[in-house]
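Numbering (the working numbering), first residue to last: 94 to 162.
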């Protein structure tokens, strides 16, 4: 089982993968493997962004309620 990685780690790894693929020095199998990994990393990023968006929405709603008082 893979250790949980943060948004920042996933984003950094995605950038590294992009650089490798753009270098043009990889075999087709390596590119396919990296693209599969990229899909997983993108899913992690979206999940973390959704969690952050939820937290920000909660904070905004709390602030709106405080302003009404």
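Idealized CB from N, CA, C, for every residue including glycine.
In this text the structure is predicted, and so the values were computed from the model without any measurement.
Closest Cα partner of residue i within the set the options
i           : options               : result
residue 113 : 98, 100 and 130       : 130
residue 105 : 119, 123, 120 and 137 : 137
Alpha-carbon to alpha-carbon, residue j and residue i
i           : j           : result
residue 103 : residue 135 : 8 Å
residue 150 : residue 117 : 42 Å
residue 126 : residue 139 : 20 Å
residue 109 : residue 154 : 38 Å
residue 157 : residue 120 : 54 Å
residue 124 : residue 159 : 52 Å
Same chain only: Cβ atoms within 8 Å of residue i, ignoring 5 sequence neighbours per side
i           : result
residue 141 : 99, 100 and 103
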